[in-house]
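Written below as structure tokens is the structure these notes are about.
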Ligand SMILES: [Fe+2]
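Residue numbers (the working numbering): 903 to 1338.
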């Protein structure tokens, strides 16, 4: 099998081409006050501003609406987005978008807000049954028929990457599972990334979204390369998650280096502007990386963890119902996964660990999994994160349900550098129960 640094050196077993769907990004402290100018340049006249109640309390939402007003753009705020959205909350947002007859969208918030805005834009631009565009086999997976209305995404956490991806994730409540809609047409027209918003984030939010970004980058970097994914029947069917490729690799390694240097500092000190700014930038880079390459097992497992939570409530998150923040649900699986996937491409696991700051001098290929796991665990401990799935209420008795919940995430699991079956998933959940 061999590792995959030399994409062009060998005849591909699968696809011979990869796509770069570059995002438009504006990045810099204070850039939210440009929102109105960008909206006007995108020919918006009547805008839906998506946010949630928690985010709305912050002055930066007012910065965006004031900027729209100053540009002469009519706007209505929708602040009913749910953290960890559901099919019901997506439908509610879509109804608002349809009834409002908007010609543009601005989202200000974390991944939940940006994803909800993508869905509302989609269903109001191209009305259809809700399951029509949802990923198969849960939905019909029909292609999005054409461009959406312009959408400016303004992330307020450092890690989701949603501002640069064509994916919107939600809980299908009746079936207790997470799924999503994916199409490059869902990608926002512009990511307006203002790192000044990070100063007001609680430490747990910085940690969870930062670990999400870490995992986006490392999953993208260790994903099965595009040269080993089957060639699509037709170029337009090349998946959004196309496998590791030279473009995603470069961004993933850059993101990992920043995250290794700055994540712990950014969590510990809200005044550390340099660290929080670097994390905002790294989150966007990691978003581009996984948006083009795809994630794999840690994300696939995370959806079962999030869906099967019983009592856990994370500090500094809404307390109204049990909820595992997405980045936490991802990273708690990660060390267990990388210990197991490393034999699939040890040099990539070592290089990823090295970028994160691990000492890999003299390491042998068989050490790769342990080295990358140890570095992630060290960062989890330094940010006072839970010690594993056991610390958020899961135990051995939950393993079959967790494995059954993760197994349908085939779109992610087939991107793994090592083929993974249901029994393997059970073993990976067992290995994630307690790290220290
Ligand atoms: Fe994620």
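The beta carbon of each residue, even a glycine, is placed where N, CA and C say it ideally should be.
- About 4 Å separates the Cβ atoms of residue 1106 and residue 1218, confirming a contact at the 8 Å cut-off.
- Take residue 966, set aside five residues on each side of it, and the residues of its chain with a beta-carbon closer than 7 Å to its own are 934, 937, 951, 1008, 1010, 1056, in chain order.
- Counting only runs of 3 or more residues that sit fully inside the stretch 996 to 1078, the beta strand (DSSP E) segments are 1006 to 1011, 1053 to 1057, 1069 to 1074, in chain order.
- Near ligand 1, meaning a beta-carbon closer than 6 Å to one of its heavy atoms, we find 1114, 1118, 1201, 1228, 1232.
- Your pair residue 1185 and residue 1061 checks out as a contact, with CB atoms roughly 4 Å apart and the cut at 8 Å.
- Counted as a single uninterrupted DSSP element, the alpha helix (DSSP H) harbouring residue 1313 occupies residues 1312 to 1315.
- No Cβ-Cβ contact shorter than 8 Å links residue 976 with residue 940.
- Secondary structure at residue 935: helix, using DSSP grouped into helix, strand and coil.
- Residue 927 sits in a strand when the DSSP states are folded into three classes.
- With distances taken between CA atoms, residue 925 lies nearest to 1089 out of 1089, 973, 1006.
- Following the DSSP letters along the chain, one finds residue 976 inside the beta strand (DSSP E) bounded by residues 976 to 980.
- Where residue 952 is concerned, the enclosing beta strand (DSSP E) starts and stops at 948 to 952.
- Under the three-state reduction of DSSP output, residue 1127 falls in the strand class.
- Secondary structure note for residue 1274: its alpha helix (DSSP H) is the uninterrupted segment 1270 to 1284.
- Relative to the Cα of residue 1115, the nearest Cα in the group 1206, 1196, 1046, 1244 belongs to 1196.
- Using a Cβ-Cβ distance cut-off of 8 Å, the stretch 1302 to 1320 and the stretch 1254 to 1272 are not in contact, since fewer than three pairs of beta carbons, one from each stretch, lie closer than that value.
- Shortest Cα-Cα distance from residue 1187 to any of 1149, 1163, 1167 involves 1149.
- Residue 1146 sits in a strand when the DSSP states are folded into three classes.
- The count of Cβ pairs closer than 8 Å, one atom from the stretch 1086 to 1102 and one from the stretch 1205 to 1221, stays below three, leaving the stretches out of contact.
- CA-CA distance, residue 1251 to residue 954, rounds to 37 Å.
- Using a Cβ-Cβ distance cut-off of 8 Å, the stretch 1299 to 1307 and the stretch 1319 to 1331 are in contact, since at least three pairs of beta carbons, one from each stretch, lie closer than that value.
- Taking the C-beta atoms as reference points, residue 1108 is found no nearer than 8 Å to residue 1191.
- Annotated as distal: residue 1317 and residue 1228, with beta-carbon spacing of 8 Å or more.
- Leaving aside the five residues that flank residue 1104 on each side, the residues in its chain whose CB is nearer than 7 Å to its CB run, in chain order, 1218.
- According to DSSP, residue 1083 shares a beta bridge with 1036, 1070.
- Setting aside the 5 residues that flank it on each side, residue 1077 is surrounded in the same chain by 1040, each with a C-beta closer than 8 Å to its C-beta; the list follows chain order.
- With three or more CB-CB distances shorter than 8 Å, the stretch 911 to 921 counts as touching the stretch 1137 to 1147.
- Between residue 1235 and residue 1282, the gap from beta carbon to beta carbon reaches 8 Å or more.
- Between residue 1279 and residue 1240 a beta carbon distance of about 10 Å is seen, past the 8 Å cut, so the two are scored as non-contacting.
- If one requires a minimum length of 4 residues, the alpha helix (DSSP H) runs lying completely within the stretch 1149 to 1236 are 1175 to 1195, 1199 to 1209, 1228 to 1233, in chain order.
- By the 16-neighbour rule on beta-carbons within 10 angstroms, residue 1321 is exposed.
- Rounded to the nearest angstrom, the gap between the Cα atoms of residue 1299 and residue 1206 is 14 Å.
- Taking all protein chains in view, the Cβ of residue 917 is crowded by 16 or more other Cβ atoms within 10 Å, so the residue is classified as buried.
- In the assembly as shown, residue 1138 is an exposed residue. Its beta-carbon has fewer than 16 other beta-carbons within 10 Å.
- With 16 or more other CB atoms across the displayed protein chains lying within 10 angstroms of its CB, residue 1112 is buried.
- Beta-bridge partners of residue 1095 (DSSP): 929.
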